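These protein sequences, in sequence, are chains A and B.
For the first sequence, the working numbering gives the first residue as 177, with consecutive numbering after it.
For the second sequence, the working numbering gives the first residue as 177, with consecutive numbering after it.
Every residue gets a Cβ at the ideal spot worked out from N, C-alpha and C, and that includes glycine.
Nothing here was measured: the structure is a model prediction, and the numbers come from that model.
Take a look at the structure below.
Protein chains: 2
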Amino acid sequence: MPRRENISMSVIRRLPRYYRFLTHLKDKGVTRISSTELSVKLGLTASQIRQDLNCFGGFGQQGYGYIVDQLCDEIGNILGLSSRYKTILIGAGNLGRAIASHMQFEDEGFDLIGIFDSSPSKTGTRINGHIVIDTTELENFCEKEKPVMAILCIPREGVQSIIERLYGMGVRNFWNFSHYDISMRYEDTVVENVHLNDSLMTLCYRISNPNDK
Amino acid sequence: MPRRENISMSVIRRLPRYYRFLTHLKDKGVTRISSTELSVKLGLTASQIRQDLNCFGGFGQQGYGYIVDQLCDEIGNILGLSSRYKTILIGAGNLGRAIASHMQFEDEGFDLIGIFDSSPSKTGTRINGHIVIDTTELENFCEKEKPVMAILCIPREGVQSIIERLYGMGVRNFWNFSHYDISMRYEDTVVENVHLNDSLMTLCYRISNPNDK
DNA sequence: TCTATTGTGTTAAATATATAACTATTATCT
DNA sequence: AGATAATAGTTATATATTTAACACAATAGA
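Set out below in structure tokens:
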């Protein structure tokens, strides 16, 4: 039975890692694993793993460990991976196209139902089965299809206005690849930023300053 | 004068954000800014910003604030953005191609000097001015060019062996897009993971559990 | 030039997170 | 079936991180 009282972001961000590794174990045919074994493989402490899992309930058996298959399913459920969230992608540039083609959205609860771009050189072209639609069609499309999630792969300048249009059409969740930091005045939205440049700068810092952890 | 004694990862990960925003301000012609103003724009507390900056020295003036231009440069220096790190990219699939075309590596201290792939359908093709080289040529290439950084855009299975080959050739820094969690036995390496699927799963969790923060 | 105000740098307190210690349950072995 | 070992769940401690408070320097205005 889940407890779920104010789970911290630190815990949530480790769940996909557990899920990924457990899936891998399952594929390898491993049926049971202890928190200690997990901790070694993942480079964490056993304490942390046990505590993370216990935020959601006791999935293990004392003296035995965790059943890989079962734990994997449990975490999948916690993450909500069996949900179906209608998703659109805005921006069919290099990155947008790669995201659309590369990601297995379905496995993570999302269904890509439309790709948009405002450049005439892109609209009408085909990406992974989807025909790129002109961004002027956004409102019409949303009214009909009611997407709940938008992936933003557009330049900084365009973001604020697109967000407002999408919010107006009921979209509340954003996976943001733009350089723009979406600071939502709205309370009911979820934003996950992926700032590749920030990641690269962090890497640059760490290379340049090998002393720091 | 920098102090730099064991800067925490939390601080380091905020630096690119500051840098990005200050660059933006600079472009807009803003010349000075206070920690309070910054905190409002970035959605952080002024205390945090002041403390972050003071890890590296006092860049502001009491009663006045920070000079945008100067602070921006300082943070750029701290991040080491003027470094030149020879970089190669492994894996010319959807994601690899997008990363190679989309990123402004030069602005972040990296020079992309080669792209590799093991599939004959990719080798010889051109990506953003680079001809894709067969991965069998990796050792020859490294011996000559001495890259220090590798971007990994290959499937999980290939990662461990590629890392070992690269490590053998002196590459110590990795920007990893694969689903594989690089757990380095080696002490002198820097790994920055970008797990897009994890990010998406986190998003899925947050949509499915709107109560949590 | 003096004074009030602003706003940094710094120290202290509060909160969050991670680790360690402990308890109790289950499995395994004899 | 009973004893022992293994290991989850839980509580307590330690550490890290964030926020708040404050003292002091510089600015700007009268």
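Is the Cβ-Cβ distance between Ile327(B) and Ile383(B) less than 8 Å? no
Closest to Tyr195(B) by C-alpha separation, out of Glu181(B), Ile225(B), Leu342(B), Thr212(B), would be which residue? Ile225(B)
For Gly236(B), count neighbouring Cβ atoms within 10 angstroms of its own Cβ and tell me buried if that reaches 16, exposed if not. buried
In or out: Asp364(A) buried (at least 16 other Cβ within 10 Å) or exposed? exposed
When you compare each of Gly241(B), Pro296(B), Ile291(B), Lys298(B) to Cys318(B) by their alpha carbons, which one comes out closest? Ile291(B)
Spell out whether any CB of chain A is found under 8 Å from the CB atom of Tyr362(B). no
Quick one: Cα of Thr233(A) to Cα of Leu247(A), how far? One point to set straight first is that residue 233(A) is Gly, not Thr, in the sequence displayed. So the alpha carbons of these two residues sit roughly 11 Å apart.
If you pair each beta-carbon of the segment 210 to 218 of chain B with each one of the segment 363 to 380 of chain A, do three or more pairs fall below 8 Å? no
Nearest to Leu255(A) by alpha carbon, out of Ala222(A), Ile183(A), Ile339(A), Cys329(A)? Ile183(A)
With a cut-off of 8 Å, does the C-beta of Tyr343(A) fall near any C-beta of chain B? no
Interface residues of chain B around Tyr381(A) at Cβ under 8 Å? Ile188, Leu191, Ile254, Leu255, Gly256
Determine, using beta carbons only, whether Thr378(A) comes closer than 8 Å to chain B. yes
How would you write the range of the beta strand (DSSP E) that Gly290(A) sits in, first residue to last? 286 to 293
Beta-bridge pairing of Thr263(B) - partner residues as DSSP gives them: Leu288(B), Met325(B)
Pop quiz: Ala268(B) and Ile303(B) are said to be a contact at Cβ under 8 Å. What is the actual Cβ separation, rounded to whole angstroms? 6 Å
Residues in the segment 193 to 205 of chain B having any Cβ partner in chain A nearer than 9 Å: Arg193, Tyr195, Arg196, Phe197, His200
Closer than 8 Å to chain B by CB, Leu247(A): no
Report the rounded CA-to-CA distance for Val370(A) versus Asn349(A), giving the unit in angstroms. 14 Å
Measure the Cβ-Cβ separation of Leu372(A) and Met279(B) and say whether it is below 8 Å. yes
At least one CB of chain B closer than 8 Å to the CB of Met177(A): is that the case? Low confidence applies here, because Met177(A) scores a pLDDT of 38, under 50, leaving its location unreliable and the question unanswered by this model.
Rounded to whole angstroms, how far is the Cβ of Ile123(A) from the Cβ of Leu314(A), which I believe are closer than 8 Å? In the structure as shown, chain A begins at 177 and stops at 389. Residue 123(A) is therefore absent and cannot be evaluated.
Buried or exposed: Tyr362(A), going by 16 or more other Cβ atoms within 10 Å of its Cβ? exposed
Quick one, which of Phe197(A), Ser295(A), Glu333(A) has its alpha-carbon nearest Asp245(A)'s? Phe197(A)
What does Asp228(B) reach in chain A if we use C-beta pairs closer than 9 Å? Under the 9 Å cutoff, chain A gives no residues; its nearest Cβ is about 13 Å from Asp228(B).
Limits of the beta strand (DSSP E) - the one that His306(A) falls within: 306 to 310
For His355(B), go through chain A and note every residue whose CB falls closer than 7 Å to its CB, in chain order. Arg196
Going by DSSP, what residue range makes up the beta strand (DSSP E) through Val366(B)? 366 to 369
DSSP state of Arg193(B) mapped onto helix, strand, coil: helix
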